[in-house]
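What follows is a short report on a single structure.
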Amino acid sequence: LLSAAGVTRTEVYPSIILVNSSGQRTQLIITMHKRDDYLIPGRFLLTFGNLLAVTTAHNSIIRNLHESASYSDDYDKDDAIVIVNLSYFCFAVDLVGLFCGSSIFLAKVNTFHIILHFLGGLWTSWFVVYTWPYQHIVATFLLTNLPTAVAELIILAAILYRSQDKQ
Numbered sequence: 003l004l005s006a007a008g009v010t011r012t013e014v015y016p017s018i019i020l021v022n023s024s025g026q027r028t029q030l031i032i033t034m035h036k037r038d039d040y041l042i043p044g045r046f047l048l049t050f051g052n053l054l055a056v057t058t059a060h061n062s063i064i065r066n067l068h069e070s071a072s073y074s075d076d077y078d079k080d081d082a083i084v085i086v087n088l089s090y091f092c093f094a095v096d097l098v099g100l101f102c103g104s105s106i107f108l109a110k111v112n113t114f115h116i117i118l119h120f121l122g123g124l125w126t127s128w129f130v131v132y133t134w135p136y137q138h139i140v141a142t143f144l145l146t147n148l149p150t151a152v153a154e155l156i157i158l159a160a161i162l163y164r165s166q167d168k169q
């Protein structure tokens, strides 16, 4: 009947047939999701989760600096503020890539972002909760925020280079 109407079904999904007490049959079709169905929302949520953790760290920097054994007033505070601002810049680059769609369908890049933003959010949260010295936020920035921004910039540069090549 479907092929007579010009409709063909190219995907076959496993199904379960349920029969109730009156003999009525109901078919449940089990659909398989693509990995992009999970990677894109995961990347979005973990990027914003990490951004929230960095914003929290920004608000608790003074407390973390006072807890640090090697606190030297303005110098350390300025360093920590610069690192947090660089983290915000890296998030801006990540979000441009996410919302412009330059890397949104690249599964390996999404996985890379998911792993690093998860670790960055986790480490930054620990930085805030356990009042780690501010040097830990520098390491977190270098290991999690910077690589994702560099990856996005490389992808954006490759797209711009290709578009220039075609003209």
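This note's numbering puts the first residue of the sequence shown at 3, with every later residue one more than the last. In this text, a Cβ means the ideal position worked out from N, Cα and C, and glycines have one as well.
If you draw a straight line from the alpha carbon of Ile85 to that of His115, how long is it in whole angstroms?
Using only the alpha carbons, I get a separation of about 19 Å.
Going along the chain, which unbroken runs of the alpha helix (DSSP H) with 4 or more residues stay wholly within the segment 134–159?
Here the runs fully enclosed are 137–142.
If you pair each beta-carbon of the segment 45–64 with each one of the segment 126–143, do three or more pairs fall below 8 Å?
Yes, they touch.
Give me the Cα-Cα distance between Asp78 and Leu124, rounded to the nearest whole angstrom.
Cα-Cα distance, rounded: 23 Å.
Give the DSSP-derived three-state secondary structure of Ile18 in the structure shown.
Correct three-state label for Ile18: strand.
Quick check on DSSP: helix, strand or coil for Gln26?
In the structure shown, Gln26 sits in coil (DSSP, three-state: anything other than H, G, I, E or B).
With 16 as the cutoff for other CB atoms within 10 Å, does Asn61 come out buried or exposed?
Exposed: under 16 other Cβ atoms inside 10 Å.
For the segment 140–147 against the segment 102–115, do three or more pairs of beta-carbon atoms, one drawn from each stretch, fall closer than 8 Å, so that the two count as touching?
At 8 Å Cβ cutoff, the stretches do not touch.
According to the neighbour-count rule (16 or more other Cβ atoms, all chains shown, within 10 Å of its Cβ), is Leu145 buried or exposed?
Exposed, because fewer than 16 other Cβ atoms sit within 10 Å of the Cβ of Leu145.
Quick test of your reading: Ile157 and Gly103, contact by CB under 8 Å. State the CB separation rounded to the nearest angstrom.
Going by Cβ atoms, the distance from Ile157 to Gly103 rounds to 11 Å, so no, they are not a contact pair.
Take Phe101 as the anchor and find which of Gln166, Asp167, Pro43 has the nearest alpha-carbon.
Cα-wise, what sits closest to Phe101 is Pro43.
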